[in-house]
Amino acid sequence: MASILNNKKTGGNSMFSIQSARRCALAAVTFFGLAIMAAPASAQLQPWQDYEASDSVWVVTHVDLDPGTMGIYLEGLKSTWIAANDVAKELGQIKDYAIYSNQFGADEDFDLVLVIEMDSTDDIAPNRQRYEEFLKAWGQANIDKSNEKVLELYNKIRRIKGTYLLRQIEVK
8 MASILNNKKT
18 GGNSMFSIQS
28 ARRCALAAVT
38 FFGLAIMAAP
48 ASAQLQPWQD
58 YEASDSVWVV
68 THVDLDPGTM
78 GIYLEGLKST
88 WIAANDVAKE
98 LGQIKDYAIY
108 SNQFGADEDF
118 DLVLVIEMDS
128 TDDIAPNRQR
138 YEEFLKAWGQ
148 ANIDKSNEKV
158 LELYNKIRRI
168 KGTYLLRQIE
178 VK
């Protein structure tokens, strides 16, 4: 430090030497800081190389129920949503379906999650042949009963909080 303070080129001007040292230190810190911040950008994972999204998709619906109505709602689902999904599964139109309950939900959260798994997004697209196959297997009478149940019961005891299309991500 004494050599910096007594530098002959600066005429012993210690202020100039200290400022130069500070600038060099600041430049070094800035350089290393930018290098550290840039590292994550260069280390980002690449699709298909480092991770892949599944072909399968899940349609996930969050349902909020009035207190004390879960049993009533599940009973209704048994003759509508579950029965219709059984038919769709038999026809090969869906892979699987499930119902999950939210164990940690607060009052404003959802109570149930209804999940339908499909082979791909193609299975979600409108398709006349699939529709007619389902209609023939499920029947117009069941469709009418399901619609009645929605209007007369479901709309009174539940609220749809959101519906989402999900894809599984596998990190390699």
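The numbering used here puts the first residue of the sequence shown at 8, with every later residue one more than the last. Ideal Cβ placement from N, Cα and C applies to all residues, glycine included. Here the structure is a predicted model, which means the values were calculated and not measured.
Boundaries of the alpha helix (DSSP H) around Gln147: 147-156.
For the pair Val94 and Leu173, the Cα-to-Cα distance works out to about 23 Å. Note that the stretch 69-88 does not touch the stretch 129-140; fewer than 3 beta-carbon pairs, one per stretch, sit closer than 8 Å. DSSP places Lys168 in the uninterrupted beta strand (DSSP E) bounded by 165-178. Taking all protein chains shown into account, Thr87 has 16 or more neighbouring C-beta atoms within 10 Å of its C-beta and is therefore buried. Collapsing the DSSP output to three states places Thr68 in a strand.
Comparing alpha-carbon positions, the option among Asp126, Leu84, Phe141 lying closest to Leu160 turns out to be Leu84.
The Cβ-Cβ distance between Leu119 and Ser108 falls below 8 Å. Taking a 10 Å sphere around the C-beta of Arg166, we find fewer than 16 other C-beta atoms and assign the residue as exposed. Given a length threshold of 3 residues, each whole run of the beta strand (DSSP E) inside the stretch 95-149 is given here in chain order: 103-108, 119-125.
In the three-state reduction of the DSSP assignment, Asp62 falls in the strand class, which pools E and B. Rounded to whole angstroms, Leu52 and Tyr58 show a C-alpha spacing of 7 Å. Setting aside the 5 residues that flank it on each side, Ala105 is surrounded in the same chain by Val122, each with a C-beta closer than 6 Å to its C-beta; the list follows chain order.
Counting along the chain, the unbroken alpha helix (DSSP H) around Glu82 starts and ends at 77-84. Taking every protein chain shown into account, the CB of Ile176 has fewer than 16 other CB atoms within 10 angstroms, so this residue is exposed. At a Cβ-Cβ threshold of 8 Å, Ile101 and Met125 count as neighbours.
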